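**Student:** Under the numbering used here, the first residue of the sequence shown is numbered 2, with each subsequent residue one higher.
I'd like to ask you about the structure that follows.
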Amino acid sequence: MHLDLGTLPSAGCCGRALGVGSDSYMDLCFPGCLSLWGPDSVTGTVGSSLSLQCHYERAYKGYSKYWCRGQHDTNCHRIVETKGGEKVERNGRMSIRDSADDLTITVTIENFSEDDAGSYWCKIQTIWILDIFSRDPSFQVQVYVRPAPITSALLRVSSGQNDSIEDVLASHPWSLLSSVHFLLLVFLKVPLLLSMLSAVLWVNRPQRAPGGGQRLLVWNLDSAPP
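What follows is the structure in structure tokens.
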């Protein structure tokens, strides 16, 4: 199959090539030629902030940059965008900033949760909005989640921060509940069992007869023969 490389977008390294003598298109990307790049994957800890950076070529200074979520860059859900400026733009817990001097896009996810894990894209809004065969330069970033340490979760509650016990339980229920059960077992159940055992031993302890000096065994009334 012969390809007409002249149909590739001139401003990017990925695009669709038209097969000569046919009506079919195929996606092509050239290794080592990226207009937008960054980390392939990042990992965030539940309850903390996650920041990552994507970098772009100087030719894209002044373009709007945006952060979207989805398995494919062609139909991902746009979350937050720079709107062509350098100030921080926010949407809920997510923010984006374009540093033109460094040619860097910085994305931050605050109060990271398990639901934030997934496939995201750094993208640049180009002039090909009405061209159905062109695509905005994009770079995929896979975001993973790491459970919060139990100690830090308990400290947030005990120190009076905004996170309530319900919030902590919702963010990492299984690990926290297992830890709470272990603490209850150590500090409540074990002493209770020891106390019951001591009481049984005390009731069934051997005693001396008042006058004879011989040892008599005192039994619990429930265990005495009829």
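Here a beta-carbon is modelled for each residue, glycine too, at the ideal position from N, C-alpha and C.
Computed from a predicted structure; not experimentally measured.
Check Y64 in the structure and name its three-state DSSP category.
**Tutor:** Along the sequence shown, one-based indexing puts residue 64 at 63. DSSP places Y64 in coil when its eight states are reduced to three.
**Student:** As a quick exercise: from V191, K190, T127, pick the residue whose alpha carbon is nearest that of Y67.
**Tutor:** Counting from one through the sequence shown, the residue named residue 67 turns up at place 66. Of V191, K190, T127, the residue nearest in Cα terms is T127.
**Student:** Can you look up V89 in the DSSP assignment and give me helix, strand or coil?
**Tutor:** Mapped onto the sequence shown, residue 89 falls at position 88. Reduced to three states, the DSSP call for V89 is coil.
**Student:** My assumption, with CB atoms under 8 Å, is that Q143 sits in contact with T107. Please give the rounded CB distance.
**Tutor:** Sequence index remark: in the sequence shown, residue 143 carries index 142 (1-based). Sequence index remark: in the sequence shown, residue 107 carries index 106 (1-based). That pair is no contact at about 18 Å.
**Student:** Does the Cβ of K124 have 16 or more other Cβ atoms within 10 Å, making it buried, or fewer, making it exposed?
**Tutor:** Within the sequence shown, residue 124 is the residue found at index 123, counting from 1. Buried is the call here.
**Student:** Exposed or buried, G48, counting other C-beta atoms within 10 Å across all chains shown (16 or more means buried)?
**Tutor:** Counted from its first residue, the sequence shown places residue 48 at position 47. G48 comes out buried.
**Student:** Out of curiosity, what's the CA-to-CA distance linking L170 and D116?
**Tutor:** For this step, residue 170 is matched to residue 169 along the sequence shown. For this step, residue 116 is matched to residue 115 along the sequence shown. No answer about L170 holds up, because its pLDDT of 48 lies below 50 and its placement is not dependable.
**Student:** Excluding five sequence neighbours on each side, which residues of the same chain lie with their C-beta closer than 6 Å to the C-beta of A12?
**Tutor:** On the sequence shown, position 11 is the one that residue 12 refers to. The predicted position of A12 is uncertain, since its pLDDT is 38 and thus under 50; no value can be drawn from it.
**Student:** Taking all protein chains shown into account, do 16 or more other C-beta atoms lie within 10 angstroms of the C-beta of S50, making it buried, or fewer, making it exposed?
**Tutor:** To locate residue 50, count along the sequence shown from 1; it is residue 49. Exposed, since its Cβ has fewer than 16 Cβ neighbours within 10 Å.
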